[in-house]
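Trainee: Residues 344 to 468, numbered by my numbering, are exactly what the sequence shown covers, in order. Mind looking over this structure? Questions follow.
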Amino acid sequence: MAKKNSMAAVGGGVLMLIASLLYLYVGYTWYSSGSAAGAWLTSTQFFGPFVAAFALIAAIVLFFLSIGVMTGRMPSDGRGMGDRTWSFLMFIGIAFLIVTAGGAWFYWAVIAFVISYIGAIAKNM
344 MAKKNSMAAV
354 GGGVLMLIAS
364 LLYLYVGYTW
374 YSSGSAAGAW
384 LTSTQFFGPF
394 VAAFALIAAI
404 VLFFLSIGVM
414 TGRMPSDGRG
424 MGDRTWSFLM
434 FIGIAFLIVT
444 AGGAWFYWAV
454 IAFVISYIGA
464 IAKNM
């Protein structure tokens with residue numbers, strides 16, 4: 344039984360790694376495309392740069408978090424970051440949806456959110 348749980352955690356970590364790479368790709372292409380803001384990001388005005396910075400930093404954190412899940416260093420029993428994974432994934436998803444809303448990368452951000460959420464579910468099985 345323990346072997347099955349560890350394989351599910353590794354699979355969840357791999358899915359979260361794929362999602363983090365997709366988030367990083369979306370963030371990089373969004374930033375380098377020259378369009379500094381999507382529809383929702385321009386409406387936030389003052390908070391726009393903070394939302395964009397949070398989205399990109401959170402994608403980097405998700406990358407390292409997924410590596411921790413794959414190597415078994417992050418416990419899935421609720422200790423440490425394990426109990427905050429769900430809210431973290433919701434915040435990173437909302438931040439990327441705000442950043443990419445109205446643009447071509449919006450659907451890629453949604454796909455990355457779904458993949459990361461499925462990875463977190465698999466991690467906790």
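Glycine is no exception: its CB is placed at the ideal position from the N, C-alpha and C atoms. Quick caveat: nothing in here was measured; it's all calculated off a predicted structure.
What does the Cβ neighbour count give for W429, buried or exposed, with the cut at 16 atoms within 10 Å?
Mentor: One-based indexing of the sequence shown puts residue 429 at position 86. The C-beta of W429 has fewer than 16 other C-beta atoms within 10 Å across all chains shown, which makes the residue exposed.
Trainee: Nearest to V470 by CA position, among V353, L365, S349 and A352, is which residue?
Mentor: Residue 470 lies beyond the stretch modelled for the chain, which goes from 344 to 468, so this question has no answer here.
Trainee: Can you name, in chain order, every residue of its own chain whose Cβ lies under 7 Å from the Cβ of Y460, other than the five neighbours on each side?
Mentor: Within the sequence shown, the letter at position 117 stands for residue 460. Excluding positions up to five away in sequence, the list reads L432.
Trainee: Identify which residue in T414, F449, I435 and Y450 has its Cα closest to the Cα of A351.
Mentor: Mapped onto the sequence shown, residue 351 falls at position 8. It is T414 whose Cα lies nearest to the Cα of A351.
Trainee: Grab the span of the alpha helix (DSSP H) containing F389 for me, first residue to last.
Mentor: Within the sequence shown, numbered from 1, the residue matching residue 389 stands at position 46. From DSSP, F389 is part of no alpha helix (DSSP H); its letter is neither H nor E.
Trainee: How many Å lie between G411 and G355 at the Cα?
Mentor: In the sequence shown, residue 411 corresponds to position 68, counting from 1. In the sequence shown, residue 355 corresponds to position 12, counting from 1. Those two C-alpha atoms are separated by around 11 Å.
Trainee: Restricting to Cα atoms, I'd like to know which of M417, V442, I441 and I361 is closest to K466.
Mentor: Position 123 of the sequence shown, counting from 1, holds the residue named residue 466. Ranking M417, V442, I441 and I361 by Cα distance to K466 puts M417 first.
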